[in-house]
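S.K.:
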Amino acid sequence: MSDVALALGGASFDGLVNIEELAGQGMVTLRGDLSDTTIISAVKDVFGVTLPGTRETAFDGAQGALWMSPDEALLLCPYEEALQRADELSAKLHGSHALVVNVSDARAVFRLKGVMLREVIAKLAPVDMSPDAFTPGMVRRTRMAQVAAAFWMDDANTARIVCFRSVAAYMFGILSVSADDASAVNHFTR
Amino acid sequence: MLLINCPYCGVAAEETELHAGGEAHLKRFGPDSSDDDFTGYLFHRENPKGVHFERWRHVNGCGKWFHAARCTNTLEVFGTYSAQTTEPPKDLLDTLRAKRPGFKWRNIA
Amino acid sequence: MSTRVHFQGRLINRDRPVSFKFNGTLLNGYQGDTLASALLANDQMLMGRSFKYHRPRGVVASGSEEPNAIVGLGTGNRFEPNQRATTTEIFHGLTATSQNHWPSLNYDVGIVNNLLSRFLSAGFYYKMFIHPRPFWKHIYEPFIRHSAGLGKAPGAESRDADRYEHFYAFCDVLVIGGGVAGLQSALTAARAGAKVLLLEQTAHLGGRAPVDGGTIDGMDPDAWVAKARAELHALPNAQIRTRTMGAGVYDHGYVLGYERLTDHAPEAAGPRHRLWRIRAAQIITATGAIERPLSFAGNDIPGVMLASAVRDYLVNFGVSPGDRTVVVTNNDDAYRTAIALVQAGLKVPAILDARPEGGGALMDEAKSLGIRVETGAAAVKVKGSKCVHSICRGVQAGEGEVLEEIFCDAVAMSGGWSPVVHLWSHCGGKLIWDASQATFRPDHDRAPTSHDGNPFVIASGAADGAFHLNDVLQNAANAGKTAAARVGAEKGDAAASSGEAQGEAPLVPVWMMPQGAKKQLRMKAWLDYQNDVKVSDVQLAAQEGFESVEHTKRYTTLGMATDQGKLSNINGLATLANALGADIPQVGTTTFRPPYTPISMGAIAGEARGDIFQPIRKTPMQGWHEANGAHWEPVGHWRRPYAFPKAGESVHDAVKREVLATRNSLGLLDASTLGKIIVKGPDAGRFLDMLYTNMMSTLKVGKCRYGLMCSENGFLSDDGVVARIDEDTFLCHTTTGGADRIHAHMEEWLQTEWWDWKVWTVNATEQFAQVAVVGPNARKLLEKLGGMDVSKEALAFMDWKDGELAGFPVRVYRISFSGELSYEIAVPANLGRAFWDKLIEAGQEWNITPYGTEALHIMRAEKGFIMIGDETDGTVIPQDLGLDWAISKKKDDYIGKRAQARSHMTDPKRWKLVGLETLDGSVLRDGAYALAEGTNENGQRNTQGRVTSTYRSPTLNKGIAMGLVLNGPDRMGEVIEFTAGGDDIAKAKIVNAVFFDPEGEKQNV
């Protein structure tokens, strides 16, 4: 629908890293026993990926799954497909004890691009962002400054950060300040 | 600032990711319970200097509640374990008995 | 006179002059100078006045321990009081002002306190200001307020011009201190493979070694430091941060590092300070040692300095404190100062060594340079006021007979060295008394322990009591090796560099000089320079029974100034021990608390200021509200429109207009902030039956039911409408502030009590924008939009349905919080604004009126609906509010049921909710109490109720209120009195709380 409006209308910032509010990110929350084979195969059927292990991610192009807790996963797909896929997964899991909810509108997603992304995140989250501790393939739920967030790295120079939609402006604000050109720490790079 | 391992997601979480939930292993007393039982359940808490069993939630993280055995004096965390239990696991109790011989907490020793 | 000498100065760049201002005078220094060294170079020995007596004070130290040379730095939004001149790097345009004086540094009227000093002894605040009582308010308090506090607070209107940030760092081994000990420890740990981070508070690595001399691995210390830095820099697992102080060591290896990025270059872009929030498995405190002053009369006169500081100013900055410097010591190290001064061509008229036998090799070297050494000697007193005039020599064993007056313009004193044990001690590390060095040092057997119960702090080098250069290096290497081994890094060569320096003869402890000094001398022998505490004060405290060091500290204020007693602690407690006839270790130390030196509030706040001071939650319609003049009300972290005043309209008038427009035609409310929690599973109904006081499991699919939630203590905690989505799925609405709390409440019970129940929850609050379309024309508007059937037949009161309106996918709930015909419509959040705009556009023909929270509140009060937080305050149970109809009698249990059966909860005397109507139509005060006969034991008027909500009803055009009143429901029609400010009283009649449309005819159409 053409009336779809992101929280910040696709804001962006250039500094130590490029920050962009992402359009088109579909997100579906799955609550269920992630080790249940029925659930695993239903997710595989609908989202094309095998549910990842603890604090891991699984991707197949635009489709993916993020481990959120032993009984929660965040499933990713194109925004337009999220509701339909959620319904499809829900239908496949009919009779299983699981809850599937489209949360694409409930969240804001920011993409960080640039070699300094580890530093920008490390200014805000109590997480070891050194390359030997956090790598692509991992996801971390934590807080960034004063709000809850989850992030993962798609590759060495790209990260995505998810937060609640209502605090998108705050998240964009803290990320932009932390990515100020004059504030490089050079802790992970020299 | 405390550092406690979340047994569900494996993160060594700092205190700002956690929410303290008070004493562990309380037994709920409902409508037909005596005043004493209910009062004990709702209000009476252990306050030991030493080994304590507590509830924590990894609130800025995987969202899971878990249990921790911790020394309130030295702040040593002896171990963390599932929230879905009414008593500490045996291996943790063995650890405690070895590290703190003679410790006593409610009816656990 | 202090001056710049024409050689030396390893830290300054004489090719780069820098000009700065001190008390308005333009002065020059060099790049690399500290403010203290630059002031000395300009013969500005007088740098401030003392706190209590306003005595003239000069710089005494050269580092972060400095008590005297504290100044106000900067101007306007960058003004900061109490900054140490010794740790301030100068830059072009620096502006500094001295403190604690009026009218000027040179001529100060407060010096009169000095003349009264015999009346201002220990505890004078307590003694003097007690009587007569009436004097307190009008004389003593104003006087104390005027004179209390160091420096001047920044102006009330000023705003910090800089920004700050945090940084989370993790390492195996954190080394605090970049002297040779810290470097050696870092090298050893890093070579072993540990991930190492080294913090140095100054701009330079190397610490004291380059000043003190000797060789390391045959090299000049500076050369070794450069080599060590290069090796660390080349190691991928090591990092160095200079200008970064290890401020505090906390539980489980948490350390705050305070990085000063632009204090020395304020025009540079970027954050001013960065607070490092470090988690380290092992922490090495290589924090060095601090030289102790000697307690002799006049030891605070400008020009009396620590011997090490004199050496630092000479070697590091090419500054001499005077042409003729007398050295007073009880140890060998101070001889190095005498030697350095003489080698620089300056005069040392004498070294007064308190030890009967004098020193060792260093004494021999001094003598060979022709310096006169007096052993068994004491400084009886220093003469001078704003500068040193002479020093009187006596014998240490005596009472202060003056044998000789030696003319000089500076005195270099040394009472021995104290390891900086602060960071070792912050988190519980214990100390032992080292009698041979007369100092406390870390007790290795009682180190701070971490989350695993194992030690996590190791002291290194001088901080561990190792003072000889080679001992420092060996000790530091051991520290590095131990730390690395504890994190499992054991590769490589752990050998230390070897240091060579002259051996030193042992010191002799000297706590009073001379040891039998008479009272008039002790009254001029300072312990704590910054708080003006003298030897005589501590002795008086002991005499008056303050035997605990913690009590003495508070009584005398010893060590309680901004320097936290870095110079005075040991001397003070030794003085106390002597006065008590006790051993020093028996008296013990006061507690060392972080931060090591003060850190800025900005650094603590980090990025949190201005727009990102705290998260402000915004609904999808926030932009419309902002553009349409919303007057805001904070609700949790949300900002909700309180009302939408139009140009020229008051907020009050806007509220009235909004209520009337909604009641008469059509209103619109952004209800997106209401919590929406999805609860699903075979046990969902059972779970909600426990969570709510009502029966939810019997709710039919497609229907809504209003429900109440209580805490296990029985008190009302939240309310909202529950909709049954399908057999297994419910959607629970919560209050605006309650969504996260109630979701957490659900998860807590599911995870920790009923974990075998099959229920999942998801907080879907933000997935939907929700709009309440309210008023007699609400249906007409929806019908105009087109789409789903919204007729009474298709969508009755308390029904919900999925469908489409104007092409938007919607879920419509027919619920009402206003008593009007009302539809609450949820759309996906990203469509929220478009849907809102569509409603506004289509609703024009009915004068569609967006309303805010105040209109919402008034309309619910007109209907007698309760509001969580108004009618409830954490002490109210549903029964108090007449909500018994919402409490299932059929259920065996729900959260709070047992608590509500307690005798106090069933007491018929509990105040109950009623409506209140003033007799004259006025509005009762919010929170006003209903008066009862008589007074309580405190003489206060008895009460029989209180107002919980009160408004002027635009609909009824009179004041309406709700309140909790004793036996209220049984007293309909009775008039009772309420407080109305001061002695005023308002009379109100007890009425039914439903003021408007009691039959519910308007909503049920």
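Chains as they are written, first to last, in numbering that gives the first Met the number 0: chain A, 0 to 189; chain B, 0 to 108; chain C, 0 to 1004.
No residue lacks a Cβ here, since even glycine has one placed at the ideal position from N, Cα and C.
Computed from a predicted structure; not experimentally measured.
So C:Val586 is in the alpha helix (DSSP H); what residue range does that whole segment cover?
M.R.: What you label residue 586 of chain C is simply residue 587 of the third sequence in a count that begins at 1. It spans Ile583 to Val586 - the alpha helix (DSSP H) in which C:Val586 sits, taken as one unbroken run.
S.K.: Should C:Thr751 go down as buried or exposed, given a rule of 16 or more other Cβ atoms within 10 Å for buried?
M.R.: As a first step, residue 751 of chain C must be located in the third sequence, where it is residue number 752. It is buried - the Cβ of C:Thr751 has at least 16 other Cβ atoms within 10 Å.
S.K.: Please report the residue range of the alpha helix (DSSP H) in which C:Leu855 lies.
M.R.: Along the third sequence, one-based indexing puts residue 855 of chain C at 856. Looking at the DSSP string, the run of the alpha helix (DSSP H) that includes C:Leu855 is Thr852 to Glu861.
S.K.: What number of angstroms, rounded off, separates the C-alpha of C:Gly28 from the C-alpha of C:Gly317?
M.R.: Along the third sequence, one-based indexing puts residue 28 of chain C at 29. Along the third sequence, one-based indexing puts residue 317 of chain C at 318. Approximately 11 Å, taken between the alpha carbons.
S.K.: For C:Asn762, tell me which candidate among C:His732, C:Leu45, C:Gly786 and C:Arg158 has the shortest Cα-Cα distance.
M.R.: Taking the third sequence and counting its residues from 1, the one referred to as residue 762 of chain C is at position 763. It is C:His732.
S.K.: Tell me the residue span of the beta strand (DSSP E) that contains C:Phe807.
M.R.: Taking the third sequence and counting its residues from 1, one reaches residue 807 of chain C at position 808. Where C:Phe807 is concerned, the enclosing beta strand (DSSP E) stretches over Phe807 to Tyr812.
S.K.: Can you find a CB in chain B that lies within less than 8 Å of the CB of A:Pro51?
M.R.: Here the question's residue 51 of chain A lines up with position 52 in the first sequence. By this cut-off, A:Pro51 is not an interface position.
S.K.: Pick helix, strand or coil for C:Asn693, following the three-state DSSP scheme.
M.R.: Sequence index remark: in the third sequence, residue 693 of chain C carries index 694 (1-based). It is coil, neither helix nor strand.
S.K.: Report back the beta-carbon spacing between C:Ile959 and C:Glu1000 to the nearest angstrom; my notes put them in contact at under 8 Å.
M.R.: Here the question's residue 959 of chain C lines up with position 960 in the third sequence. Here the question's residue 1000 of chain C lines up with position 1001 in the third sequence. Actually they are not in contact, since the Cβ atoms of C:Ile959 and C:Glu1000 sit about 19 Å apart, beyond 8 Å.
S.K.: Within its chain, find whatever has a CB closer than 7 Å to the CB of A:Ile173; leave out the 5 residues flanking it on each side and keep chain order.
M.R.: Working through the first sequence from its first residue, we reach residue 173 of chain A at position 174. The answer, listed in chain order, is Leu123, Met143 and Ala144.
S.K.: Spatial neighbours of A:Val161 within its chain, please: C-beta separation below 6 Å, excluding the five flanking residues on both sides.
M.R.: Here residue 161 of chain A refers to the residue found at position 162 of the first sequence. So the list reads Arg106, Val108 and Ala149, once near-sequence residues are dropped.
S.K.: Return the chain-ordered ranges of every beta strand (DSSP E) run that is complete within the stretch 133-157 of chain A and spans a minimum of 3 residues.
M.R.: If we require 3 residues or more, the beta strand (DSSP E) runs fully inside the stretch 133-157 of chain A come out as 138-143 and 146-154.
S.K.: Report the start-end ranges of each beta strand (DSSP E) in the stretch 24-73 of chain B that is 3 residues or longer and not cut off at the edges.
M.R.: For the stretch 24-73 of chain B, whole beta strand (DSSP E) runs of length 3 or above, ordered along the chain, are 50-56 and 64-70.
S.K.: State the Cα-Cα distance for the pair C:Phe19 and C:Asp32, rounded to the nearest angstrom.
M.R.: Taking the third sequence and counting its residues from 1, the one referred to as residue 19 of chain C is at position 20. Taking the third sequence and counting its residues from 1, the one referred to as residue 32 of chain C is at position 33. In a straight line, the C-alpha of C:Phe19 is about 11 Å away from that of C:Asp32.
S.K.: If you count every other CB in all the chains shown that lies within 10 Å of the CB of C:Asp836, and 16 or more means buried, which is it?
M.R.: In the third sequence, residue 836 of chain C corresponds to position 837, counting from 1. That one is exposed.
S.K.: Alpha carbon to alpha carbon, what distance is there between C:Ile277 and C:Pro235?
M.R.: In the third sequence, the residue the question calls residue 235 of chain C occupies position 236. In the third sequence, the residue the question calls residue 277 of chain C occupies position 278. Taking the straight line from one Cα to the other gives about 19 Å.
S.K.: Identify whether B:Thr94 lies in helix, strand or coil by the three-state DSSP scheme.
M.R.: As a position in the second sequence, residue 94 of chain B is number 95, starting the count at 1. In this structure, B:Thr94 counts as helix in the three-state DSSP scheme.
S.K.: If we require 3 or more residues per run, which beta strand (DSSP E) segments fall completely within the stretch 165-239 of chain C?
M.R.: Segments of the beta strand (DSSP E) lying fully in the stretch 165-239 of chain C: 195-198.
S.K.: With C:Glu840 as the anchor, note down where its beta strand (DSSP E) starts and where it stops.
M.R.: Your numbering for residue 840 of chain C matches position 841 in the third sequence. That residue, C:Glu840, is in no beta strand (DSSP E); its alpha helix (DSSP H) goes Ala828 to Ala841.
S.K.: I need the DSSP call for C:Gly247, collapsed to helix, strand or coil.
M.R.: Taking the third sequence and counting its residues from 1, one reaches residue 247 of chain C at position 248. Correct three-state label for C:Gly247: strand.
S.K.: Under 8 Å by Cβ, that's how I've got C:Ala927 and C:Ile975 pegged, so tell me the actual separation to the nearest angstrom.
M.R.: For this step, residue 927 of chain C is matched to residue 928 along the third sequence. For this step, residue 975 of chain C is matched to residue 976 along the third sequence. Wrong, their Cβ atoms sit about 11 Å apart, outside the cutoff.
S.K.: Is C:Thr241 near C:Gly256, with beta carbons less than 8 Å apart?
M.R.: One-based indexing of the third sequence puts residue 241 of chain C at position 242. One-based indexing of the third sequence puts residue 256 of chain C at position 257. No. Outside cutoff.
S.K.: Please list, in chain order, all residues of the same chain as C:Glu499 whose beta carbon is under 6 Å from its beta carbon, the five residues on each side excluded.
M.R.: By one-based count along the third sequence, residue 499 of chain C stands at place 500. Closer than 6 Å at the Cβ level, and outside the excluded window around C:Glu499, lie Gly213 and Thr214.
S.K.: Excluding five sequence neighbours on each side, which residues of the same chain lie with their C-beta closer than 6 Å to the C-beta of B:Glu13?
M.R.: Reading the second sequence from its first residue, position 14 is the one you call residue 13 of chain B. Counting only Cβ-Cβ distances below 6 Å, and skipping sequence neighbours, we find Met0 and Leu2.
S.K.: Quick one: list the residues of chain B neighbouring A:Ser68, beta-carbon separation under 9 Å, in chain order.
M.R.: Counted from its first residue, the first sequence places residue 68 of chain A at position 69. Chain B residues near A:Ser68: Tyr7, Cys8, His57, Gly60, Cys61, Gly62 and Lys63.
S.K.: If distances are taken between C-alpha atoms only, which option among C:Pro681, C:Leu539 and C:Ile239 comes closest to C:Ala121?
M.R.: Position 122 of the third sequence, counted from the start, is the residue given in the question as residue 121 of chain C. Checking every option, the nearest Cα to that of C:Ala121 belongs to C:Leu539.
S.K.: Pull up the distance between the alpha-carbon of C:Trp748 and that of C:Trp754, whole angstroms please.
M.R.: Looking up residue 748 of chain C in the third sequence gives position 749. Looking up residue 754 of chain C in the third sequence gives position 755. Rounded to the nearest angstrom, the two C-alpha atoms are 8 Å apart.
S.K.: Could you list which residues in chain A have their beta carbon closer than 8 Å to that of B:Thr15, in chain order?
M.R.: Your numbering for residue 15 of chain B matches position 16 in the second sequence. Result: Pro125 and Arg142.
S.K.: So, helix, strand or coil for C:Ala288, using DSSP?
M.R.: Start at 1 with the first residue of the third sequence, and residue 288 of chain C comes out as number 289. In the structure shown, C:Ala288 sits in a strand (DSSP, three-state: E or B).
S.K.: Would you mind working out which of C:Asn956, C:Thr954 and C:Val946 sits nearest C:Leu965, comparing C-alpha positions?
M.R.: Reading the third sequence from its first residue, position 966 is the one you call residue 965 of chain C. When only C-alpha atoms are compared, the closest one is C:Val946.
S.K.: Could you give the first and the last residue of the continuous beta strand (DSSP E) run that contains C:Ala483?
M.R.: On the third sequence, residue 483 of chain C is found 484 positions in, with the first residue counted as 1. Run containing C:Ala483: none in the beta strand (DSSP E); it sits in the alpha helix (DSSP H), Leu468 to Arg485.
S.K.: Against chain B, with Cβ distances strictly below 8 Å, would A:Ala97 count as a contact?
M.R.: Indexing the first sequence from 1 puts residue 97 of chain A at position 98. Taking Cβ atoms only, chain B never reaches closer than 8 Å to A:Ala97, which makes this a no.
S.K.: Compare the beta carbon distance of C:Trp525 and C:Asn298 with 8 Å and say whether it is the shorter of the two.
M.R.: Position 526 of the third sequence holds residue 525 of chain C. Position 299 of the third sequence holds residue 298 of chain C. Closer than 8 Å, so yes.
S.K.: Give the C-beta separation of C:Gly452 and B:Thr73 to the nearest angstrom, bearing in mind that I take them to be a contact with Cβ-Cβ under 8 Å.
M.R.: For the purposes of this step, residue 452 of chain C is identified with residue 453 of the third sequence, where counting begins at 1. For the purposes of this step, residue 73 of chain B is identified with residue 74 of the second sequence, where counting begins at 1. About 7 Å; that satisfies the 8 Å criterion.
S.K.: Does A:Gly241 have its Cβ less than 8 Å from a Cβ in chain C?
M.R.: The structure shown does not extend to residue 241 of chain A, since chain A is modelled only from 0 to 189, so the question has no answer here.
S.K.: C:Met600: buried (16+ other C-beta within 10 angstroms of its C-beta) or exposed?
M.R.: Position 601 of the third sequence, counted from the start, is the residue given in the question as residue 600 of chain C. Under this definition C:Met600 is an exposed residue.
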